[in-house]
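Going by the working numbering, the residue at position 2 of the sequence shown is 3; the numbering climbs one at a time, nothing skipped.
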Amino acid sequence: MSTYDDASEPARALLASFDELQLAEMLAAASARIHRIRDLHRNEYETCSECTRNDGVPYPCPTIRALDKEQR
Numbered sequence: 002m003s004t005y006d007d008a009s010e011p012a013r014a015l016l017a018s019f020d021e022l023q024l025a026e027m028l029a030a031a032s033a034r035i036h037r038i039r040d041l042h043r044n045e046y047e048t049c050s051e052c053t054r055n056d057g058v059p060y061p062c063p064t065i066r067a068l069d070k071e072q073r
């Protein structure tokens, strides 16, 4: 069973309205955004380079944890 099989009826209708090229472009754009976010939120001395100001946010920060959870 694919994740498409788990999609709701409205989600399937939305996906059906796009052609394969549009979906590929959307996926590439989303992947590029995730890559840029990961570039900002990198591990520097066990803290997040983007989130840390004076308080030292431990790495992985909430942003990276959220991305990792979504990708599983």
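Backbone N, C-alpha and C define an ideal beta-carbon position, used for all residues, glycine too.
Check                                                                                                            : Outcome
Coil, strand or helix - ASP56 by DSSP                                                                            : coil
Spatial neighbours of ALA12 in its chain, beta-carbon cut-off 6 Å, leaving aside the 5 residues before and after : none
Sheet register partners of THR48 (DSSP bridge)                                                                   : GLU45, PRO59
8 Å Cβ cutoff met for ASP59 and GLU47                                                                            : The residue asked about is misnamed: residue 59 is Pro in this sequence, not Asp. Contact: yes.
Cβ shell of CYS62 (< 6 Å), same chain only, five flanking positions each side left out                           : HIS42, CYS49, CYS52
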